[in-house]
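Take a look at the structure below.
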Amino acid sequence: MESARAITNYEPSSGDKLRLQRGMVVSGIQRVSNHWWFGVTVRTAEAVSKVSSNEVKGLFPASCVRLMDKEIVAVGTFAFEPPSTSRTQLGFAAGESLILLSKVRGYQWWYAINEAGQLGRVPESHFRVVMNVDEYERAAAAAAAAAAA
5 MESARAITNY EPSSGDKLRL QRGMVVSGIQ RVSNHWWFGV TVRTAEAVSK
55 VSSNEVKGLF PASCVRLMDK EIVAVGTFAF EPPSTSRTQL GFAAGESLIL
105 LSKVRGYQWW YAINEAGQLG RVPESHFRVV MNVDEYERAA AAAAAAAAA
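Residues in the sequence shown are numbered consecutively from 5, following the numbering used here.
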């Protein structure tokens, strides 16, 4: 079963739709149409494989999520410590991995998730894109196979 992460917020207009918050994980994806998918919300990435009866199910716009195997991975090139007054900016260390969700419109900032699972905005000038998760897993498997040979 596929899993995806919300890249934007979505507030449903009816009860059969699933409310999404940026960074939320949705598991058990069923593609109802090109524009609408069905899934189950999950609290954390570790819980993707677990679907319990108290989790919320419903339809949501496919454009509001990115499949997790297509996520964009970045690495901090410089440490970033946001001002203590900021509630929306996300701090990270040089060398820390980030999952990029979406670019902030009109700015050189991205919404991202750090290694601690926190969500916030990060400056584009402080990280470099490594690859998407699919490419990362293929490269890791190739490196492991080469090491075993």
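Where a beta carbon is used, it is the ideal one built from N, C-alpha and C, also for glycine. As the structure is a prediction and not an experimental result, all values here were calculated from the model.
I need the DSSP call for Met5, collapsed to helix, strand or coil. The residue labelled residue 5 in the question sits at position 1 within the sequence shown. Coil at Met5, not helix or strand.
Using C-beta distances below 7 angstroms, list every residue in its chain close to Asn13, excluding the 5 sequence neighbours before and after it, in chain order. The residue labelled residue 13 in the question sits at position 9 within the sequence shown. Here the set comprises Leu24, Gln25, Arg26.
Please determine whether the Cβ atom of Val133 lies at a distance below 7 angstroms from any heavy atom of the ligand MN. Among the components of this structure there are no ligands whatsoever, and the ligand MN is therefore not found.
What residues are listed by DSSP as bridge partners for Gln34? By one-based count along the sequence shown, residue 34 stands at place 30. Answer is Phe42, bridged to Gln34.
Given a cut-off of 8 angstroms, decide if Val30 and Val77 are closer than it, judged by their beta-carbon atoms. In the sequence shown, the residue the question calls residue 77 occupies position 73. In the sequence shown, the residue the question calls residue 30 occupies position 26. No.
Beta carbon of Phe101, beta carbon of Val79: below 8 angstroms? Mapped onto the sequence shown, residue 101 falls at position 97. Mapped onto the sequence shown, residue 79 falls at position 75. Strictly speaking, residue 101 in this sequence is Ser, with Phe absent from that position. Result yes, Cβ atoms of Ser101 and Val79 sit closer than 8 angstroms.
Determine the DSSP secondary structure at Met28, reduced to helix, strand or coil. Here residue 28 refers to the residue found at position 24 of the sequence shown. Here Met28 sits in coil by DSSP.
Taking just the CA atoms, how far does Gly124 sit from Glu85? Locating residue 85 in the sequence shown gives position 81, counting from the first residue. Locating residue 124 in the sequence shown gives position 120, counting from the first residue. One C-alpha to the other measures close to 12 angstroms.
So, with DSSP's three-state summary, where would you put Arg125? Along the sequence shown, read from residue 1 onward, the residue named residue 125 stands at position 121. DSSP places Arg125 in the strand class (E or B) of the three-state scheme.
Assuming Gln122 and Leu94 make a contact with CB atoms under 8 angstroms, what is their CB distance in whole Å? Residue mapping note: residue 122 aligns to position 118 of the sequence shown, counting from 1. Residue mapping note: residue 94 aligns to position 90 of the sequence shown, counting from 1. For a cut-off of 8 angstroms, the C-beta gap from Gln122 to Leu94 is around 6 angstroms, short enough to register as a contact.
By a C-beta neighbour count over all protein chains shown, 10 Å radius and 16 as the cutoff for buried, is Glu75 buried or exposed? Along the sequence shown, read from residue 1 onward, the residue named residue 75 stands at position 71. Looking at its Cβ environment, which holds 16 or more other Cβ atoms inside 10 Å, Glu75 is buried.
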